[in-house]
Structures are given as structure tokens and as C-alpha cells.
Amino acid sequence: MRGGRSVSQDYSRCFGSIYPTARNLIERKRKGHKRMDAKTFWSFVEQKRVALANDHKERISRSRMSGDASILAGQPPEVGSIFIASRPNELLEIPGGQVSETKYRLAAQRILEQTHELASAAQIAAFFNTQENNLAVTRGLDLKTRERQLITVQPAAVGPLQPATK
Numbered sequence: 009m010r011g012g013r014s015v016s017q018d019y020s021r022c023f024g025s026i027y028p029t030a031r032n033l034i035e036r037k038r039k040g041h042k043r044m045d046a047k048t049f050w051s052f053v054e055q056k057r058v059a060l061a062n063d064h065k066e067r068i069s070r071s072r073m074s075g076d077a078s079i080l081a082g083q084p085p086e087v088g089s090i091f092i093a094s095r096p097n098e099l100l101e102i103p104g105g106q107v108s109e110t111k112y113r114l115a116a117q118r119i120l121e122q123t124h125e126l127a128s129a130a131q132i133a134a135f136f137n138t139q140e141n142n143l144a145v146t147r148g149l150d151l152k153t154r155e156r157q158l159i160t161v162q163p164a165a166v167g168p169l170q171p172a173t174k
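So this is what it looks like as C-alpha cells:
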């Protein structure tokens, strides 16, 4: 955080949403917003990556010291990746709420693009529940398929063997 603002707030203040509406574009132009260049974008991503990594490492250490796993809020107990959840987007007709585990850099990029957010403990629990249900359905279908496998044996033609031709 710089001056009481997070990296996401700085990014939003400078560039707004990644999916602007026509009204937002006109408003930005009127207010004199500058266009984002790649160097600025990736510097924001790097700052957000460092912030996410430090926050996650701090949560892990607090959780280990206290022995309370709820401090992690469903996030992995190892350093290196976190869970993010997609945000709803009416423009692209995306309902949101899809959870995935990503490395810090990709999570930072998606959060700054405002397409994802850190997943809550409830979203992560629902994600694992859905995965377990999908696995059970897949195993059930696999067993049904094995029961229905049909093996057909056709006898070979009776007669003398043909010599191999060169």
C-alpha cells in the first residue's frame, strides 16, 4: 500500500475497468485520463504480486504459529499459489464464481484486470465440493461403462496358411 491506497486502487484510479462501457470511455476522455502503456501495467502487476505473496506468507506463518487453519481463509497452506474466483461480467455473459488456483503473478494480473478476485473460504469449499461430486459421477460412469463392455471373438478362417510374398 502506498499512502493508504492499495495497488488495485491506484490501478483503478488511473485506468478504470478493463471492460469499460462507452459512457466510461467518454467520461475518462473528458477527465483527461491517460492511456495505459505496457510498462505501467506490468509494474502494477509486479507490485500486486509482491503484495499478494507477502500477505499469503504472513497468513501462513500466523496460521502455523497459532495452529488455527481458519486464518488461511481456505487458501493453500503452502507458499506459491492462491485461489482466485472469477467476477461476473455482463458484457461477456460470464456468471462468475469459478474458482481456480494460480501463481501469484497470474492472480495479480487477473485481479488488476478486474476479472477475478481473491476467493473466499465459502467459494473454495464449494469448489472442492463440486470437484468431489464430479469425481464421484465420473467414477460411476466409468463403472457402468466397464459393465457394458462387449468382447466379440471371431474365429479365424480355416485353411492352409498363405506363404508370405516379397
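The numbering used here applies: residue 9 is where the sequence shown begins, and numbers increase by one. We treat Cβ as the ideally placed atom computed from N, Cα and C, and that holds for glycine. This one's a predicted model, so the numbers in the text were calculated from it and none came from an experiment.
Can you tell me where the beta strand (DSSP E) holding residue i begins and where it ends?
i	result
I68	Here I68 belongs to no beta strand (DSSP E); instead the alpha helix (DSSP H) covers 46-74.
Under the DSSP definition of a beta bridge, which residues are partnered with residue i?
i	result
A93	V107, E125
I102	N97
Starting from residue i, trace the alpha helix (DSSP H) in both directions and tell me its first and last residue.
i	result
A115	112-120
Output yes or no for whether 8 angstroms exceeds the beta carbon distance between residue i and residue j.
i	j	result
R180	R57	No answer is possible for residue 180: it lies beyond the span of the chain, which begins at 9 and ends at 174.
P84	E66	no
A93	V107	yes
T123	R95	yes
L60	A115	yes
I90	L120	no
Quick one: what does DSSP say residue i is sitting in, helix, strand or coil?
i	result
E140	helix
A81	coil
G148	helix
In chain order, what residues of the same chain lie with their CB nearer than 8 angstroms to the CB of residue i, ignoring the 5 residues before and after it?
i	result
R118	I92, T110, H124
D63	none
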